[in-house]
Ligand code: SF4
Ligand code: SF4
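Residue numbers (our numbering): 20 to 123.
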């Protein structure tokens with residue numbers, strides 16, 4: 020969460036923003052909760068289950084998704100990543116919000 024004194028200013032005139040790319044990001048969106056709503060083949064050891072059987076990507080103590088390579092900051096299961104990750108568009112409003120929260 021942002022401190023209350025931080026004001027977020029986003030340029031809403033151009034989406035997707037061509038300057039916001041994963042190459043100049045620190046996988047900000049891979050700290051979000053990722054619900055598994057379709058079967059894409061995510062290995063069981065990357066899946067967290069709640070008490071009602073809901074499935075999401077497991078997160079490590081540092082807050083990032085368990086499937087993220089901490090050295091390269093790239094997804095280790097890119098070809099079989101969850102649907103939520105597939106539709107999260109680089110340079111979109113949601114992307115810019117996550118980047119802004121990490122001061123990028
Ligand atoms: S927040 Fe946006 S730029 Fe950063 S890794 Fe996610 S999609 Fe890529
Ligand atoms: S599955 Fe891959 S793209 Fe999705 S949050 Fe985890 S590391 Fe990021």
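By construction, the Cβ of each residue, glycine as well, lies at the ideal position given by its N, Cα and C atoms.
State the Cα-Cα distance for the pair residue i and residue j, rounded to the nearest angstrom.
i, j, result
"residue 43", "residue 68", "32 Å"
"residue 110", "residue 37", "6 Å"
"residue 112", "residue 55", "22 Å"
"residue 116", "residue 93", "20 Å"
"residue 95", "residue 33", "30 Å"
"residue 71", "residue 85", "21 Å"
"residue 106", "residue 41", "14 Å"
With C-beta atoms as the reference, is residue i less than 9 Å away from residue j?
i, j, result
"residue 120", "residue 47", "yes"
"residue 99", "residue 59", "yes"
"residue 39", "residue 123", "yes"
"residue 81", "residue 89", "yes"
"residue 77", "residue 97", "no"
Taking C-alpha atoms, which residue in the options lies nearest to residue i?
i, options, result
"residue 35", "81, 114, 50, 122", "114"
"residue 61", "75, 38, 50", "75"
"residue 50", "105, 87, 98, 91", "87"
"residue 83", "105, 71, 101, 45", "45"
"residue 73", "106, 52, 104, 85", "52"
Just to check, is the beta-carbon of residue i closer than 8 Å to a non-hydrogen atom of ligand 1?
i, result
"residue 47", "yes"
"residue 110", "yes"
"residue 118", "yes"
"residue 107", "yes"
"residue 40", "yes"
Under 8 Å: does the beta carbon of residue i sit that close to some heavy atom of ligand 2?
i, result
"residue 87", "yes"
"residue 83", "yes"
"residue 51", "yes"
"residue 76", "yes"
"residue 94", "yes"
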